[in-house]
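Protein chains in written order, with this note's numbering: chain A, 75 to 534; chain B, 4 to 925.
(1) By DSSP, does residue 449 of chain B sit in helix, in strand, or in coil?
(2) For residue 259 of chain A, return the contacting residues in chain B, with the cut-off set at a CB-CB distance below 7 Å.
(3) Check the Cβ-Cβ distances between residue 45 of chain B and every residue of chain A, and say whether any is below 9 Å.
(4) Does the region 370-389 of chain A come close enough to the region 423-430 of chain A to have 3 or more Cβ pairs within less than 8 Å?
(5) Which chain B residues are close to residue 187 of chain A, counting only those with a beta carbon under 9 Å from its beta carbon?
(6) With C-beta atoms as the reference, is residue 71 of chain B less than 9 Å away from residue 114 of chain B?
(7) What does residue 71 of chain B reach in chain A if we use C-beta pairs closer than 7 Å?
(8) What residue from A:342, A:529, A:375 has the CA that sits closest to residue 351 of chain A's CA?
(9) Does residue 288 of chain B get closer than 9 Å to chain A when you measure Cβ to Cβ?
(10) Alpha helix (DSSP H) containing residue 231 of chain A: first to last residue?
(11) Determine the extent of the alpha helix (DSSP H) in which residue 542 of chain B is found, giving its start and end residues.
(12) Determine, using beta-carbon pairs with one atom in the region 411-425 of chain A and one in the region 479-486 of chain A, whether at least three such pairs fall under 8 Å.
(13) What is the DSSP secondary structure of residue 459 of chain B, reduced to helix, strand or coil?
(14) Tell me the start and end of each unbroken alpha helix (DSSP H) in the region 247-294 of chain B that is at least 4 residues and wholly inside, in chain order.
(15) Can you check DSSP and say which residues form a bridge with residue 523 of chain A?
(16) Check whether the region 523-538 of chain B touches the region 253-272 of chain B, taking contact to mean three or more Cβ pairs, one atom from each stretch, closer than 8 Å.
(17) So, for residue 48 of chain B: in the same chain, excluding its five sequence neighbours on each side, which residues have a beta-carbon less than 7 Å away from its beta-carbon?
(18) State yes or no: is the beta carbon of residue 176 of chain A nearer than 9 Å to at least one beta carbon in chain B?
(19) Determine contact between the region 131-144 of chain B and the region 97-106 of chain B, defined as no fewer than three beta-carbon pairs at a distance below 8 Å.
(20) For residue 360 of chain B, is the classification buried or exposed, using 16 other Cβ atoms within 10 angstroms of its Cβ as the cut-off for buried?
(21) Where does the unbroken alpha helix (DSSP H) through residue 521 of chain B begin, and where does it stop?
(22) Expressed to the nearest angstrom, what Euclidean distance is found between the alpha-carbon atoms of residue 314 of chain B and residue 521 of chain A?
(23) Is there a Cβ of chain B sitting closer than 9 Å to that of residue 220 of chain A, yes or no?
(24) Using a C-beta cutoff of 9 Å, does residue 175 of chain B count as contacting chain A?
(25) Over what stretch of residues does the beta strand (DSSP E) that includes residue 437 of chain A continue unbroken?
(26) Anything in chain B within Cβ reach of residue 364 of chain A, meaning under 7 Å, just list it in chain order.
(27) With a threshold of 16 other CB atoms inside 10 Å of the CB of residue 82 of chain A, please say whether the residue is buried or exposed.
(28) List the DSSP bridge partners of residue 515 of chain A.
(29) What in chain A is Cβ-close to residue 112 of chain B, meaning under 7 Å?
(30) State the Cα-Cα distance for the pair residue 241 of chain B and residue 499 of chain A, rounded to the nearest angstrom.
(31) Can you pull the chain B neighbours of residue 404 of chain A, defined as C-beta to C-beta under 8 Å?
(32) Report buried or exposed for residue 77 of chain A, applying the criterion of at least 16 other Cβ atoms within 10 angstroms of its Cβ.
(33) May I ask you to report which of helix, strand or coil DSSP gives residue 426 of chain A?
(34) So which residues of chain A does residue 276 of chain B contact, with C-beta pairs closer than 9 Å?
(35) For residue 161 of chain A, name the three-state secondary structure that DSSP assigns.
(36) Take every Cβ of the region 160-173 of chain A, pair it with every Cβ of the region 78-98 of chain A, and state whether three or more of those distances are shorter than 8 Å.
This is the structure we're talking about:
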């Protein structure tokens, strides 16, 4: 299991180091001539061991700069897993055959937990919350085994404002422990709201890779359903959407409805759920039922590849006029209901490294050549459906003797549309709370669809 | 403290703070203890009391904290004090304490395994598996799994259907991490039969929808393992296959680091069960801003999934990638194009042309990579794409990487006969021999030996130079050994050398980089773990006994065995194709002998042909003499066997034996005029021999027989590497020296060669008797033709019966008697053949008649059967007046016929050639 966890700043200085197992660095000390020749005391050696592991990572990974070719590095039989958040490195160290996926999942979770406690993960924040982080590390990782890492539960007994342990009643304490270890580790009991309200956000990012000829090379939508729940008690929720399998199953009873709703249903390639969702029930009945955590959480993630509405089509035309000039023309077409408005449209047209000057003419929005990014950035605030706009640019190039051809990175695009490109629709979200006296009708529910561009690229 | 400053001096003061009520402070003190207890073991004992007290604290959080910290204080002295509190905590009423205590058992076991066993903690831990709280179960499972790893023999994790059932129930309820522990533990279980396997699979599949990738991967591991036990006929098997694909694809939308782990695992899964993801090619297409490690892995999987159905798409993508920025990635993309060519035959041509396009870019590393790849394509499709060699040679100078240089050298050596200046090219590499890497040196050595065997005459010096460089001036044992082996091979038995070095190589298979099946099976059992990321068994990177237990997939149960056998081979097990898998490079032995550990199927052609052809030991004799008979050569370094020198020596020998003839000839008159020479006739028309025209005749001069050949190159290609071989014939005619064509025969060039012959070859009666079957080889092919040799070339000088006509004597035909009967001149001649047969002939000459008759009285030659007198019809009238010459012409046309004595026609028809085509060893 995880033998130790280190947090470094961008210079490779250790901010946090927590060692769970002795084996970390054991080998290096034996190997290291410096330590074996001077015959150090046992304890010195164990200190040295630890430092060795710490240093090994700094030297081999952080200081190696761009040459990191894998998030898993094996140095002297010690494996280092690292993730980077802004300029902070989190590294988990082990000497055993650990579950690698688990280690990374844990590191992400660790980042989430820290972010939930003190916001952005930065060197300053980490230094300021030094004690808290050790406390968290002690709690969520025991002997290298990840334990309950749900922020909701952790916040009940690890706080930033000092512990009121002495004031806790016995019931409170056992409540905490049962929650931390219990079946519903993500929600505490006794939550009360005057207004029972819930918000559902269907957030989709549509990914596209298109050939210059307009052929879709790959396209998929990865979507998330994020729920914000402000519900009292322990509500039992049931979520329904226009999943093809469910609709077809129901359609057996009423043949009429199948033909009507059949068109609108979507085929979901795969979906994953927050741990509150009863997976076995989903597997058998394909119904999504759960007791939600309080506040915001990600209910599900899904992926679709069929019948995706591609909100925009990019038609590139790049012409090399001689060796020092390039003509670029890009047309974008919006492909959705004219009544809807796309926002924050940004088209990024890459330019060669030896660009000396650019002249741009665009019909709509603003376009600018950004030398630092080697791209022409064309921004349009709003655009209705079924419209078309175009930009043309002349790029002057400096003559170079560099024989290597310009790699022509793809034209990428960003946008936001008020619908779900996958076609997903929320059919219902029912809330049952048998113990408290509010019913499904009393809950105020909001649903919102946002489609965003993921990696939306057209090769040119 | 944690940033590396030593604050152990404060130990007593810190310990004093232990008994605080402030939980936060307590935690900090405990943290301090964990760090420094080991350096102050005596002081640490002071803390024990507080621990024991804290373990009784009413607050479960404090109890748990105490038991957690205790386990982390790794001081032997205090471990025994821990046992009592730990025992209590294991039975604590609060699940939070129990779950912490469960992990503490594992900690204690790490410090003192014996103590844990003696105190009976293991049994308590086992009981916790039946705990009501899922998290306690999960932690107990984790602790037991870890302890079990260090005791592979003990049956600690006594998994049986009941306990499995408990685990599966807990699986639905515990945290994501707990699910991982339980799934990893389940993967170690081997169900009794396929039914149990199926029921476990059914209960595990819901986990594939979990948001945590590690849960998904661990579930995949369990399913992949238990699927082994399921019959492929089951509907459920198919359903399971279908269910596995979407979650694996979903993993690719996770964070890049997880994508990497997932991709490494998918790489294994694709090798084990290619059917799962065969339709998912598109998701592995590389995105522009994927991190490099993700890109490289995706590329790998793309090639594995490439098939005829999707090859067009894949190639288009790969071509795109080859223009990217990252050098490693571009290289891999180029390499991938080559692998596609090898894998999908239909695409080979497009791949080659794509590679040629890439070479035209002149980007150095692209060119080098392309050359390496093209070498493999040559191996896979020999004699198909060699037209590109010229383009490759153009880039020779730009190659600076060992692998590319080695590949290029291999190509030059392999196709030496088609590259005019192969020797120059190789020589240019030889200049910096010592600066090259071993790989290049080895390849250079092999290539030059190949070149030598193909063009022995011109490359004599080169081969000696490289052999001495490799054996005398090199420190590398591999190189030296290979050098000596070649040296001895060449000096002992050049024929064998040719057979060995130029042996036909088995084709390389497409899946040269497959993970070896047993390792693959083991790695499948480690899905999700580091082993699957490194693609190495845990023993390769884990020290000591931990985790070194070899895992293997469960065997199929008896019930399903009968049904699975036919289908497994193609689908599941790559072992079926295994014999074809040949390591491409680096296999010393294979590379050295250049026949690469061929499976028996590809080996035998050589052996069988040589048995079949028996008679035609092609090139055998020639090479024997080619390498001379220097006995000291066998010793090794003294090997100096210049073929050029060997030939005159041989000639001398045959001349020496003919000395007696010489003496005889001095007495004879015929020496002056020499024997009659038939004008050259076309033996092998250019049409039949890919542009090589051979015309020739036989002569006998000064006691030695020779075959005068005129070789004309009517093709557009340069011809080299000529060799000649005779089939067994009636008089044992054989070349006395190899065919010496000194320079490559360029188009429209003609050379005249006189090939000395002797009559010591093996004998077989031919029909007609003077039929000679000849095989001529050059760099293009081997050609066969047959010709009739004039018998008089076999007439030896001591065939004299009586001294008669001096002119006839010149041709060693001696007149016995001369009569004039009915206005016809009758000449009775005698002659003796090289094999000691005497021939008596009656010549009937009518004046004014251009034809005359030769008659061989049958009774005179019972041994030979009948020597048929044949009419010399094609004699030129101009020759007629010179009777002697005419007579010679008549004799020259003399043929051996069937038993009928008086057949008046000469059969000049195409002799039937019974030889089956023979392939020369390459």
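All residues carry an ideal CB built from backbone N, CA and C; glycine is no exception.
Concretely, from the data shown:
(1) helix
(2) 178
(3) No - not a single Cβ of chain A is within 9 Å of the one on residue 45 of chain B.
(4) With the cut-off at 8 Å, the region 370-389 of chain A and the region 423-430 of chain A do not touch.
(5) Those do not exist, as residue 187 of chain A stays about 13 Å from chain B at its closest Cβ, beyond 9 Å.
(6) no
(7) In chain order: 216.
(8) Closest by C-alpha distance to residue 351 of chain A, out of A:342, A:529, A:375, is A:375.
(9) yes
(10) 225-231
(11) Unbroken run through residue 542 of chain B: none, as it is neither H nor E.
(12) Output reads yes: the region 479-486 of chain A touches the region 411-425 of chain A.
(13) coil
(14) 259-275
(15) A:276
(16) yes
(17) 80, 81
(18) Closer than 9 Å: yes.
(19) yes
(20) exposed
(21) Here the alpha helix (DSSP H) through residue 521 of chain B covers 520-527.
(22) 44 Å
(23) For residue 220 of chain A, at least one C-beta of chain B is nearer than 9 Å to its own C-beta.
(24) Cβ-Cβ to chain A under 9 Å: yes for residue 175 of chain B.
(25) Element bounds for residue 437 of chain A: n/a, residue is neither H nor E.
(26) Those within 7 Å of residue 364 of chain A in chain B number zero; the least Cβ separation is about 12 Å.
(27) buried
(28) The partner list for residue 515 of chain A (beta bridge, DSSP) is empty, contrary to what the question assumes.
(29) Simply none; closest approach about 11 Å.
(30) 31 Å
(31) Result: empty, since nearest Cβ-Cβ is about 17 Å, beyond 8 Å.
(32) buried
(33) coil
(34) Listed by position along chain A, the residues whose Cβ is nearer than 9 Å to that of residue 276 of chain B form an empty set, because the closest Cβ is around 18 Å away.
(35) Looking at residue 161 of chain A - three-state DSSP - the assignment turns out to be coil, as it is neither helix nor strand.
(36) yes
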